[in-house]
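Trainee:
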Ligand code: DX5
Ligand code: ZN
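Numbering (our numbering), first residue to last: 30 to 247.
1) Apart from the five residues on each side of it in sequence, which residues of its chain come closer than 7 Å, Cβ to Cβ, to residue 50?
2) Near residue 171, what residues of its chain come up, given a Cβ to Cβ distance below 8 Å and the 5 sequence neighbours on each side ignored?
3) Let's see if you can read the secondary structure: which residues bound the alpha helix (DSSP H) around residue 152?
4) If you count every other CB in all the chains shown that lies within 10 Å of the CB of residue 188, and 16 or more means buried, which is it?
5) Can you determine whether any heavy atom of the ligand ZN sits closer than 6 Å to the C-beta of residue 95, and answer yes or no?
6) Could you check how far apart the C-beta atoms of residue 78 and residue 114 are, in whole angstroms? I think they sit under 8 Å.
7) Here's the rule I'm using: 16 or more other beta-carbon atoms within 10 Å means buried, otherwise exposed. How should residue 147 be labelled?
8) Is residue 42 near the ligand DX5, in the sense that its beta carbon is under 6 Å from a heavy atom of that ligand?
9) Do residue 120 and residue 142 have their C-beta atoms within less than 7 Å of each other?
10) Could you tell me which uninterrupted alpha helix (DSSP H) segments, each at least 4 residues in length, are contained entirely in the region 71-139, listed from first to last along the chain?
11) Taking the Cβ atom as the reference point for each residue, do residue 191 and residue 181 lie within a distance shorter than 7 Å?
12) Per the DSSP calculation, residue 36 is bridged to which residue(s)?
13) Terminal residues of the continuous alpha helix (DSSP H) containing residue 194?
14) For residue 169 and residue 145, which I take to be in contact (beta-carbon distance under 8 Å), what is that distance rounded to the nearest angstrom?
15) With a Cβ-Cβ cutoff of 7 Å, do residue 163 and residue 201 count as a contact?
16) Kindly list the residues whose CB is nearer than 8 Å to the CB of residue 195, restricted to its own chain and excluding five residues on each side of it in sequence; keep chain order.
17) First and last residue of the beta strand (DSSP E) that includes residue 57?
18) Does any heavy atom of the ligand DX5 sit closer than 6 Å to the C-beta of residue 224?
19) Could you pull out every residue in the same chain whose Cβ sits closer than 8 Å to the Cβ of residue 179, ignoring the five residues on either side in sequence?
20) Is the region 44-60 close to the region 99-106, with three or more CB pairs under 8 Å?
Structure, rendered in structure tokens:
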């Protein structure tokens, strides 16, 4: 199976956002990955609702929103209204994760749960059947362009085992430092969705890079 490719808008040129959105529209990419950071849960602030609104005006593919914010429950309805198809919250930001998952579903969005690099996949043992995707952070969240954490291969395999044990259809997303050099090994370990920011947008030909990632298989 070829991976789902989700280019991260964080690495796009914000002065030419429409142009970069059109590149993704025309490419073989499957989703738009939108990183929302609040400067509290992570040590950086990215962008918020007005920018998402501008993106969804032109984007013609699935909108995958990754919330790196505290108290994400406060904004579930807002992100639904803005056109998010998938809403991912951090396990570490949700003391009542089960309730948060139900609230996202009530708004008719798919549910993602992200795990920081230090969080064991087994914390999702009781909720995995309610989650559409698990986002394994392969860098510490907050910034694009960081180095991929090698332990992610092992985590991906462990998560795959948990999903199979629970007979769940949850997809595995990898986020951070993804390149053509680690993509194959990640897919082999069980990854279904690859997020890539700087690897795509720091290249002269982002569309070609997307095609290259999309073709990777094992
Ligand atoms: C990191 C973000 C990632 C980031 C990926 O906090 O969640 O989605 O944009 O960017 P690269 O591919 O540059 O690591
Ligand atoms: Zn992300």
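For every residue, glycine included, the Cβ atom is placed at its ideal position computed from N, Cα and C.
Mentor: Reading from the atomic positions:
1) Taking residue 50 as the centre and dropping the five residues before and after it, the same chain places the C-beta of 84, 87, 88 closer than 7 Å to its C-beta, in chain order.
2) Taking residue 171 as the centre and dropping the five residues before and after it, the same chain places the C-beta of 66, 71, 72, 73, 97 closer than 8 Å to its C-beta, in chain order.
3) No alpha helix (DSSP H) holds residue 152; DSSP gives it neither H nor E.
4) In summary, residue 188 is buried, with 16 or more beta-carbon neighbours lying within 10 Å of its beta-carbon over all protein chains present.
5) For the ligand ZN, a non-hydrogen atom lies closer than 6 Å to the CB of residue 95.
6) Contact between residue 78 and residue 114 does not hold, since the beta-carbon distance rounds to 16 Å and is not under 8 Å.
7) That one is exposed.
8) No; taking the cut-off as 6 Å, the Cβ of residue 42 has no heavy atom of the ligand DX5 nearer than that.
9) The Cβ atoms of residue 120 and residue 142 lie closer than 7 Å to each other.
10) For the region 71-139, the continuous alpha helix (DSSP H) assignments of 4+ residues that do not extend past its boundaries occur at 78-87, 105-110, 126-135, in sequence order.
11) In this structure, residue 181 does not lie closer than 7 Å to residue 191 by Cβ.
12) As DSSP reads the structure, residue 36 sits in a beta bridge with 225.
13) Unbroken alpha helix (DSSP H) run through residue 194: 181-194.
14) So it is a contact: roughly 7 Å between Cβ atoms.
15) Less than 7 Å separates the beta-carbon of residue 163 from that of residue 201.
16) Excluding residues within five positions, the ones whose Cβ falls inside 8 Å are 154, 157, 158.
17) Looking at the DSSP string, residue 57 is not in any beta strand (DSSP E), and its letter there is neither H nor E.
18) Yes, the beta carbon of residue 224 sits closer than 6 Å to at least one heavy atom of the ligand DX5.
19) Closer than 8 Å at Cβ, skipping near neighbours: no residue.
20) These segments do not touch.
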